[in-house]
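Report on one structure; see the data block that follows.
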Amino acid sequence: MSTRRPANPLGRVVRAGVARRRVQTAVMVLTTLMAVTASVLAVGLLVAARAPFDRAFTAQQGAHLTGQFDATEVTAERLARTADAAGVAAVAGPFRSVPVRVRTASDTAALPAGVDLPPVTVVGRADPGGPVDRLRMVDGRWATRPGEIVLADGTLPAPPGARLTLPTAPGTPTLTVVGIARSVTGTAQAWVTPAQAEVLAATDGTTAGYEMLYRFHRAETDAHVAAGRAAITAAVPPDALSGSQSYLAVEQQRTANARAFVPFLAAFGVLGLLLSVLVVGIVISGAVGAATRRIGILKSLGFTPAQVVRAYVGQALLPAAVGCLLGLALGNALAVPVLGEVGEAFDAPVTTVPLWIDVVVPVGALLLVAGAALLPALRAGRLSTVAALGVGRTLGRKPGAARSVRRLTARLPARLPLPRAVGLGLADPFVRPARSGTMAAAVAFGAVCVTFAVGLALSLGVVQAGRMLNSAGSVVVQTGGGTGPPGAQVVHVGAEAETPKADPEEIGAVLRAQEGTVRFYGTARAELSVRGITGATTVVAYQGDSAWGAPRTVAGRWLDGPGEAVVTSRFLEAAGIGVGDTLRLEERGRHASVRIVGEAFFTEGEGMALLTSTSTLADLGLDARPGRYDVQTEAGTDAARYLGSLRDELEGVGAVAQANTGNSSSVILAMDALIGMLTLMLVVVAGLGVLNTVVLDTRERVRDLGVLKALGMTPRQTVTMVVTSVAGTGLLAGLAAVPAGVALHHWIIPLMGDGVGMNLPTAALSVYDPQRLTLLALGGLVIAVAGGLLPATWAARTDTATALRSE
Numbered sequence: 001m002s003t004r005r006p007a008n009p010l011g012r013v014v015r016a017g018v019a020r021r022r023v024q025t026a027v028m029v030l031t032t033l034m035a036v037t038a039s040v041l042a043v044g045l046l047v048a049a050r051a052p053f054d055r056a057f058t059a060q061q062g063a064h065l066t067g068q069f070d071a072t073e074v075t076a077e078r079l080a081r082t083a084d085a086a087g088v089a090a091v092a093g094p095f096r097s098v099p100v101r102v103r104t105a106s107d108t109a110a111l112p113a114g115v116d117l118p119p120v121t122v123v124g125r126a127d128p129g130g131p132v133d134r135l136r137m138v139d140g141r142w143a144t145r146p147g148e149i150v151l152a153d154g155t156l157p158a159p160p161g162a163r164l165t166l167p168t169a170p171g172t173p174t175l176t177v178v179g180i181a182r183s184v185t186g187t188a189q190a191w192v193t194p195a196q197a198e199v200l201a202a203t204d205g206t207t208a209g210y211e212m213l214y215r216f217h218r219a220e221t222d223a224h225v226a227a228g229r230a231a232i233t234a235a236v237p238p239d240a241l242s243g244s245q246s247y248l249a250v251e252q253q254r255t256a257n258a259r260a261f262v263p264f265l266a267a268f269g270v271l272g273l274l275l276s277v278l279v280v281g282i283v284i285s286g287a288v289g290a291a292t293r294r295i296g297i298l299k300s301l302g303f304t305p306a307q308v309v310r311a312y313v314g315q316a317l318l319p320a321a322v323g324c325l326l327g328l329a330l331g332n333a334l335a336v337p338v339l340g341e342v343g344e345a346f347d348a349p350v351t352t353v354p355l356w357i358d359v360v361v362p363v364g365a366l367l368l369v370a371g372a373a374l375l376p377a378l379r380a381g382r383l384s385t386v387a388a389l390g391v392g393r394t395l396g397r398k399p400g401a402a403r404s405v406r407r408l409t410a411r412l413p414a415r416l417p418l419p420r421a422v423g424l425g426l427a428d429p430f431v432r433p434a435r436s437g438t439m440a441a442a443v444a445f446g447a448v449c450v451t452f453a454v455g456l457a458l459s460l461g462v463v464q465a466g467r468m469l470n471s472a473g474s475v476v477v478q479t480g481g482g483t484g485p486p487g488a489q490v491v492h493v494g495a496e497a498e499t500p501k502a503d504p505e506e507i508g509a510v511l512r513a514q515e516g517t518v519r520f521y522g523t524a525r526a527e528l529s530v531r532g533i534t535g536a537t538t539v540v541a542y543q544g545d546s547a548w549g550a551p552r553t554v555a556g557r558w559l560d561g562p563g564e565a566v567v568t569s570r571f572l573e574a575a576g577i578g579v580g581d582t583l584r585l586e587e588r589g590r591h592a593s594v595r596i597v598g599e600a601f602f603t604e605g606e607g608m609a610l611l612t613s614t615s616t617l618a619d620l621g622l623d624a625r626p627g628r629y630d631v632q633t634e635a636g637t638d639a640a641r642y643l644g645s646l647r648d649e650l651e652g653v654g655a656v657a658q659a660n661t662g663n664s665s666s667v668i669l670a671m672d673a674l675i676g677m678l679t680l681m682l683v684v685v686a687g688l689g690v691l692n693t694v695v696l697d698t699r700e701r702v703r704d705l706g707v708l709k710a711l712g713m714t715p716r717q718t719v720t721m722v723v724t725s726v727a728g729t730g731l732l733a734g735l736a737a738v739p740a741g742v743a744l745h746h747w748i749i750p751l752m753g754d755g756v757g758m759n760l761p762t763a764a765l766s767v768y769d770p771q772r773l774t775l776l777a778l779g780g781l782v783i784a785v786a787g788g789l790l791p792a793t794w795a796a797r798t799d800t801a802t803a804l805r806s807e
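In the UniProt record's numbering, the protein residues as written are 1 to 807.
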């Protein structure tokens, strides 16, 4: 006769323990899920967002530095010798570079003939290959003879076969689009043959130059690229280098949205992992303390100390593994939309989180969980079988010390004007200070997260409100002339297509006479060449008192007179200048200089617009009459009535009024949703950590509760006592958490700005006022009370006789 040994008894013990403690299991699953989700998103976006660019940059031998040189300061032969500059690994060029005006000469699906397009920079290049910046043909073929042009992908709405006229070039030549190409670092907006470029460069008054493309031996950081640029600058005359563009700036601009997610996701990931370690420690310690007799039984049945340790570590790892799997699925799903946008920027397939991240993050989380569970599990393994069977639940407690604390704290209600139930509850944390401390830490993590999340949401609100130019007014008046938002692809300025702008004097008179108008200002737009910036730059010119509607200033000040300009930090970085420096604007042989007096924050037009006064456009011989007016109305003005009346008055002067509705950023909305979800998960985990601790306390004190009930304590008093036992701890934890949450916010927000290459205004940091801080300080109290309320109700419903029989 043979006996059959039960299969895998250790596994049965682990599964039974997990199934028996459902609340604790749910806590560990949710904690790990939140930590892994945030960590996968943070690391995945940081790594995967760069993958399409890195692949394209390597495959196309992208240029580490694109240099624009003034042809009046340096010759092509001198530029060719910069290949020998220190640190230069390879060069392409010099190529003739010419800014030109473009007009459609044929009808296309997007545009009719005779429409003026924004100016483009045309480069003369014999072929798309070479040692640096190998262009990839997206459509059509390369230009091989005069009269042909290849456009950069996404530059102009002109497909292969379309014809474009260059109205400012000698003889007004017409070029046929024969192909669409893509440069990974955006080295030009169009390409023609070298012979065609030389013809265009002969245009009177055109600021033609040379373009050089460089690869360096070392270009991993901004410092490396700056060193390479310095070596090239030293090899040419002082004023020869008129502008340059680093591949790192291009990469940052194209992956900015994904990079903006990383800092706050990393913060949530770290908070989640720390909370996971804390909660697992609480849960397993409580499980060991509550199941001491069960441990003795297991040992009496033949379980070795090592098996007991593995059993309790397994009871932590099993739910943690479930949380890891769920977190991986959620993290990868949330990453797809953001990474898909990055992939589109480089014509790459939708990118997913790299496989190694899906392995490393959960493995790291499980190791942390195992480490957190190991210490209490070792305590269980060291328990003596006889002592465990004899002492039961009370093992590990010090009855004498506990009774002494009880006697001392029992006098608290008599000395303070508090109900006895409240006094007993306030005294309870002193009985188990270690457990109360861990509970306070869990509450503090939740309160820190709430404070941090509220600050993030408020800061993103500031960014949302200030990202678009001219968004402060409630009414917009359009006066024709093709005025549109920065980056608009089509501007009607041809003699036959132009819509005449309304007379500014007439517009001003109507607005001033309109009841409800407080103030207004006008803006005109133009696409110009700016020395130091590749391609055309959108110039927004202001007329009138515009300070009230100006973008938030980061450094310097707003416009105060002619010859001044305000730009973003991204613009300053691209041009290699700072506040106080001077820029030269060029248009058809005419020049105007502006001094940078301020750095502002806005993301419209990728933050590359230049803001100045209308006098700058007039100095360049351009039409400086505003094409748009932004109007601020009095508080309480009926918007519909105001607009209706204003439209009637403007009908005779050729203008139209509409509400300034603005638009919301889908990226910021996605951030808000993600922040809300992660915060809710972490707060729920903190609350469940409190619940688990209170459940352990009430189970260990069930006999004490029975005695109190026998002495006349009502269910309502029982609830009050249990809730009060965690309320004081929660309040103190919340008070301590607020400064930590504010400090975390002040650290992460600038990192988010750095991720998108923009300095954020002070208003994005100064979002906490005394009223908000006071409410946030109560966050710990709310979490603690919410977590303790349910077990308090269970304790109140416990039958007195049953409680007295319990041990």
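A virtual CB, placed ideally from N, CA and C, is assigned to each residue, including glycine.
Values in this document were obtained by computation on a predicted structure and should not be read as measured data.
Is DSSP giving I668 helix, strand or coil here?
Position 668 of the sequence shown, counted from the first residue, corresponds to residue 668. In this structure, I668 counts as helix in the three-state DSSP scheme.
What's the gap between the Cα of P94 and the Cα of L248?
For the purposes of this step, residue 94 is identified with residue 94 of the sequence shown, where counting begins at 1. For the purposes of this step, residue 248 is identified with residue 248 of the sequence shown, where counting begins at 1. Each residue's alpha carbon lies about 22 Å from the other.
Am I right that G741 and F452 are in contact with their C-beta atoms under 8 Å? What's the rounded C-beta distance?
In the sequence shown, counting from the first residue as 1, residue 741 sits at position 741. In the sequence shown, counting from the first residue as 1, residue 452 sits at position 452. The pair is a contact, with the Cβ atoms about 5 Å apart (cut-off 8 Å).
Can you look up L135 in the DSSP assignment and give me helix, strand or coil?
The residue you call residue 135 lines up with position 135 of the sequence shown. L135 falls in the coil class under three-state DSSP.
Length of the line joining the Cα atoms of Q61 and T155
To locate residue 61, count along the sequence shown from 1; it is residue 61. To locate residue 155, count along the sequence shown from 1; it is residue 155. The alpha-carbon atoms of Q61 and T155 are separated by roughly 22 Å.
Give a yes or no on whether the minimum CB-CB distance between T187 and chain E is below 8 Å.
Absence of chain E from the displayed structure is noted, only one protein chain being present.
Can you pull the DSSP bridge partners for A659?
Within the sequence shown, the letter at position 659 stands for residue 659. Paired residues: V475.
Straight-line gap, T483 to L778 (C-alpha atoms, nearest Å):
Sequence index remark: in the sequence shown, residue 483 carries index 483 (1-based). Sequence index remark: in the sequence shown, residue 778 carries index 778 (1-based). Residue placement at T483 is poorly supported in this model, since its pLDDT is 36, which falls under 50; the coordinates still yield a value, given next. Between T483 and L778, the C-alpha separation is close to 51 Å.
In whole angstroms, give me the CA-to-CA distance for L572 and T32.
Numbered from its first residue, the sequence shown carries residue 572 at position 572. Numbered from its first residue, the sequence shown carries residue 32 at position 32. Distance between the alpha carbons of L572 and T32 is about 43 Å.
Three-state secondary structure assigned by DSSP to M677
Within the sequence shown, numbered from 1, the residue matching residue 677 stands at position 677. If DSSP states are grouped into helix, strand and coil, M677 belongs with the helices.
Taking DSSP as the reference, what is the three-state secondary structure of E634?
Residue mapping note: residue 634 aligns to position 634 of the sequence shown, counting from 1. The answer is coil: DSSP assigns E634 none of H, G, I, E or B.
What's the call for H217, buried or exposed, on a 16-neighbour Cβ count within 10 Å?
For the purposes of this step, residue 217 is identified with residue 217 of the sequence shown, where counting begins at 1. Exposed, because fewer than 16 other Cβ atoms sit within 10 Å of the Cβ of H217.
Selection from V27, P433, A763, V353 that minimises the alpha carbon distance to P319
Reading the sequence shown from its first residue, position 319 is the one you call residue 319. The shortest Cα separation from P319 among V27, P433, A763, V353 belongs to V27.
Given D116 as reference, the closest of L456, L674, D107 once Cα atoms are compared
Looking up residue 116 in the sequence shown gives position 116. Minimum Cα distance to D116 is reached at D107.
Taking the alpha carbon of R467 as the reference point, which residue from S593, E606, V476, A335 has its own alpha carbon closest?
Reading the sequence shown from its first residue, position 467 is the one you call residue 467. That would be E606, whose Cα lies nearest to the Cα of R467.
Excluding the 5 residues preceding and the 5 following K398 in the sequence, name in chain order all residues of the same chain whose CB lies nearer than 8 Å to its CB.
Walking along the sequence shown from the start, residue 398 turns up at place 398. Low confidence applies here, because K398 scores a pLDDT of 48, under 50, leaving its location unreliable; read the following figure in that light. For K398, where only same-chain residues beyond five positions count, there are no Cβ hits under 8 Å.
Per DSSP, what kind of secondary structure is H591 in: helix, strand or coil?
Residue numbering aside, residue 591 sits at position 591 when the sequence shown is read from its first letter. In the structure shown, H591 sits in a strand (DSSP, three-state: E or B).
In angstroms, rounded to a whole number, what distance separates the CA positions of P761 and F601?
In the sequence shown, counting from the first residue as 1, residue 761 sits at position 761. In the sequence shown, counting from the first residue as 1, residue 601 sits at position 601. If you draw a straight line from the Cα of P761 to the Cα of F601, it is about 7 Å long.
Between which residues of its own chain and V262 is the CB-CB distance below 7 Å, once the five residues before and five after are set aside?
For the purposes of this step, residue 262 is taken as the residue at position 262 of the sequence shown. Only A42, L45, L46, G755 meet the Cβ criterion.
Mind checking which residues open and close the alpha helix (DSSP H) that includes V463?
As a position in the sequence shown, residue 463 is number 463, starting the count at 1. Segment 433 to 466, the alpha helix (DSSP H) holding V463.
Just to check my reading of the structure: F268 and L678 have Cβ atoms closer than 8 Å, yes? What is that Cβ distance to the nearest angstrom?
Here residue 268 refers to the residue found at position 268 when the sequence shown is read from its first residue. Here residue 678 refers to the residue found at position 678 when the sequence shown is read from its first residue. Contact flag correct, Cβ pair sits at about 5 Å.
In whole angstroms, what is the alpha-carbon distance linking F539 and T479?
Residue numbering aside, residue 539 sits at position 539 when the sequence shown is read from its first letter. Residue numbering aside, residue 479 sits at position 479 when the sequence shown is read from its first letter. Per the sequence presented here, residue 539 reads as Val, with Phe not at that position. Each residue's alpha carbon lies about 18 Å from the other.
Mind checking whether V150 and A143 have CB atoms under 8 Å apart?
Reading the sequence shown from its first residue, position 150 is the one you call residue 150. Reading the sequence shown from its first residue, position 143 is the one you call residue 143. Cβ atoms of V150 and A143: closer than 8 Å.
Nearest candidate by alpha-carbon position, reference H64, set T221, A365, T176
Within the sequence shown, the letter at position 64 stands for residue 64. Nearest of T221, A365, T176 to H64, Cα basis: T221.
Runs of 4 residues minimum, wholly inside the segment 596 to 636: which ones carry the alpha helix (DSSP H) assignment?
614 to 619
Smallest Cα separation from R525: which of A592, R512, A624?
Start at 1 with the first residue of the sequence shown, and residue 525 comes out as number 525. Comparing Cα-Cα distances from R525 to each of A592, R512, A624, the minimum goes to A624.
Helix, strand or coil at P562 [DSSP, three-state]:
As a first step, residue 562 must be located in the sequence shown, where it is residue number 562. Coil at P562, not helix or strand.
Rounded to a whole number of angstroms, what is the C-alpha to C-alpha distance between L731 and G561?
Reading the sequence shown from its first residue, position 731 is the one you call residue 731. Reading the sequence shown from its first residue, position 561 is the one you call residue 561. Taking the straight line joining both Cα atoms gives about 54 Å.
Please say whether L611 and V566 have beta carbons closer to each other than 8 Å?
Here the question's residue 566 lines up with position 566 in the sequence shown. Here the question's residue 611 lines up with position 611 in the sequence shown. Cβ distance < 8 Å, so V566 and L611 count as in contact.
Go through its chain and collect everything with a Cβ distance to A260's Cβ below 6 Å, but skip five positions before and after it.
Position 260 of the sequence shown, counted from the first residue, corresponds to residue 260. Within the same chain, A260 has close Cβ partners M752, G755, V756.
May I ask you to check if the CB of T774 is nearer than 7 Å to at least one heavy atom of the ligand ZN?
By its list of ligands, the structure shown contains no ligand whatsoever, and the ligand ZN lies outside what it can speak to.
I'd like the span of the alpha helix (DSSP H) that includes Q253, first residue to last.
Taking the sequence shown and counting its residues from 1, the one referred to as residue 253 is at position 253. Where Q253 is concerned, the enclosing alpha helix (DSSP H) stretches over 247 to 254.
Quick check on DSSP: helix, strand or coil for Q514?
Against the sequence shown, residue 514 aligns to sequence position 514. Residue state for Q514 is assigned as coil, using DSSP reduced to three classes.
Rounded C-beta distance between V631 and L511? I'm assuming under 8 Å.
As a first step, residue 631 must be located in the sequence shown, where it is residue number 631. As a first step, residue 511 must be located in the sequence shown, where it is residue number 511. That belief holds up - the Cβ atoms of V631 and L511 are roughly 6 Å apart, short of 8 Å.
Exposed unless 16 or more other CB atoms sit within 10 angstroms - verdict on G302
Counting from 1 along the sequence shown, the entry for residue 302 is found at position 302. Classification of G302: exposed, given that the 10 Å Cβ count is below 16.
Which complete alpha helix (DSSP H) runs does the UniProt domain "ABC3 transporter permease C-terminal" (677 to 793) hold, if anything under 4 residues is left out?
Listed in chain order, they are 702 to 710, 715 to 755, 770 to 777.
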